[in-house]
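All remarks here apply to the structure that follows.
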Amino acid sequence: MSSESPCGCLRPDRYMSFDGIDCDGNARRVMACIEDLMAAGQGSAFWDYFMAKRSGGSGLRPDDLFLIHAHLNQVRELFEESGADDALALLEQLEEECC
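For the sequence shown, our numbering assigns the number 31 to the initial residue and increments by one for each residue that follows.
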(Lines of atoms letter the chains of each structure in order from A and count residues from 1; the text may use other names and numbers.)
(Lines give C-alpha, C1' and ligand atoms only; values in the text may rest on other atoms or scores of the structure.)
Protein backbone atom coordinates (compact mmCIF):
# COMPACT_ATOMS: atom_id res chain seq x y z
CA MET A 1 0.00 0.00 0.00
CA SER A 2 2.82 2.42 0.76
CA SER A 3 6.23 2.84 -0.77
CA GLU A 4 9.47 3.20 1.14
CA SER A 5 10.96 6.67 1.48
CA PRO A 6 14.69 7.51 1.64
CA CYS A 7 14.52 7.36 5.45
CA GLY A 8 13.34 3.75 5.30
CA CYS A 9 9.88 4.53 6.64
CA LEU A 10 6.70 3.85 4.72
CA ARG A 11 5.00 6.80 3.13
CA PRO A 12 1.42 6.95 1.86
CA ASP A 13 0.82 6.11 -1.78
CA ARG A 14 -2.30 7.79 -3.16
CA TYR A 15 -2.40 5.38 -6.09
CA MET A 16 -3.02 2.52 -3.67
CA SER A 17 -5.15 4.29 -1.07
CA PHE A 18 -5.76 7.71 0.42
CA ASP A 19 -5.77 6.01 3.83
CA GLY A 20 -3.38 7.86 6.12
CA ILE A 21 -3.24 10.98 3.93
CA ASP A 22 -4.85 14.09 5.46
CA CYS A 23 -5.69 15.89 2.22
CA ASP A 24 -8.30 18.18 3.76
CA GLY A 25 -6.06 19.06 6.71
CA ASN A 26 -3.08 19.76 4.47
CA ALA A 27 -5.26 21.89 2.18
CA ARG A 28 -6.40 23.90 5.22
CA ARG A 29 -2.76 24.40 6.22
CA VAL A 30 -1.87 25.63 2.71
CA MET A 31 -4.84 28.03 2.86
CA ALA A 32 -3.62 29.30 6.23
CA CYS A 33 -0.23 30.04 4.61
CA ILE A 34 -1.97 31.96 1.83
CA GLU A 35 -4.05 33.90 4.37
CA ASP A 36 -0.89 34.77 6.34
CA LEU A 37 0.76 36.15 3.21
CA MET A 38 -2.36 38.15 2.34
CA ALA A 39 -2.38 39.63 5.86
CA ALA A 40 1.30 40.54 5.43
CA GLY A 41 0.53 42.58 2.31
CA GLN A 42 1.30 40.04 -0.42
CA GLY A 43 -2.15 40.40 -1.97
CA SER A 44 -3.19 41.41 -5.47
CA ALA A 45 -6.38 41.55 -7.51
CA PHE A 46 -6.01 37.84 -8.26
CA TRP A 47 -5.80 36.96 -4.56
CA ASP A 48 -8.86 39.12 -3.82
CA TYR A 49 -10.69 37.09 -6.48
CA PHE A 50 -9.30 33.82 -5.08
CA MET A 51 -10.46 34.60 -1.54
CA ALA A 52 -13.90 35.74 -2.78
CA LYS A 53 -14.20 32.50 -4.73
CA ARG A 54 -13.21 30.56 -1.60
CA SER A 55 -16.06 32.14 0.35
CA GLY A 56 -18.54 31.20 -2.37
CA GLY A 57 -19.00 34.76 -3.57
CA SER A 58 -19.74 33.67 -7.14
CA GLY A 59 -21.70 30.48 -6.51
CA LEU A 60 -21.11 27.34 -4.52
CA ARG A 61 -18.25 27.42 -2.03
CA PRO A 62 -15.49 25.11 -3.32
CA ASP A 63 -13.52 23.02 -0.85
CA ASP A 64 -9.96 24.15 -0.18
CA LEU A 65 -8.33 21.18 -1.92
CA PHE A 66 -10.25 21.81 -5.15
CA LEU A 67 -9.52 25.54 -5.09
CA ILE A 68 -5.80 25.01 -4.50
CA HIS A 69 -5.66 22.36 -7.21
CA ALA A 70 -7.42 24.68 -9.68
CA HIS A 71 -4.88 27.46 -8.99
CA LEU A 72 -1.80 25.38 -8.20
CA ASN A 73 0.60 27.41 -10.33
CA GLN A 74 -0.50 30.73 -8.83
CA VAL A 75 -0.18 29.36 -5.29
CA ARG A 76 3.28 27.98 -6.08
CA GLU A 77 4.34 31.32 -7.56
CA LEU A 78 3.08 33.20 -4.48
CA PHE A 79 5.10 30.98 -2.15
CA GLU A 80 8.23 31.12 -4.33
CA GLU A 81 8.11 34.92 -4.69
CA SER A 82 7.46 35.35 -0.96
CA GLY A 83 10.28 33.03 0.06
CA ALA A 84 7.78 30.90 1.99
CA ASP A 85 9.82 27.70 1.80
CA ASP A 86 7.82 25.81 4.44
CA ALA A 87 4.57 26.69 2.67
CA LEU A 88 6.07 25.62 -0.66
CA ALA A 89 7.12 22.27 0.81
CA LEU A 90 3.61 21.76 2.18
CA LEU A 91 2.13 22.65 -1.22
CA GLU A 92 4.40 20.15 -2.95
CA GLN A 93 3.38 17.47 -0.46
CA LEU A 94 -0.30 18.29 -1.05
CA GLU A 95 0.19 18.15 -4.83
CA GLU A 96 2.05 14.83 -4.65
CA GLU A 97 -0.32 13.12 -2.24
CA CYS A 98 -3.71 14.60 -3.06
CA CYS A 99 -4.01 16.41 -6.41
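Don't be surprised by glycine CBs; every beta carbon is placed ideally from N, CA and C. The structure presented is a predicted model; accordingly, all values stated were derived computationally and were not measured.
When Ile-51, Arg-58, Asp-54, Leu-67 are compared against Asp-115, the one with the closest alpha-carbon:
Minimum Cα-Cα distance from Asp-115 among the listed residues Ile-51, Arg-58, Asp-54, Leu-67 corresponds to Leu-67.
For Gln-72, which residues in the same chain have their Cβ closer than 7 Å to its Cβ, ignoring the five residues on either side in sequence?
Leu-108, Ser-112
Considering His-99, what are the terminal residues of the alpha helix (DSSP H) in which it resides?
94-100
For Leu-160, is the classification buried or exposed, using 16 other Cβ atoms within 10 angstroms of its Cβ as the cut-off for buried?
Residue 160 is absent from the structure shown; the chain starts at 31 and stops at 129.
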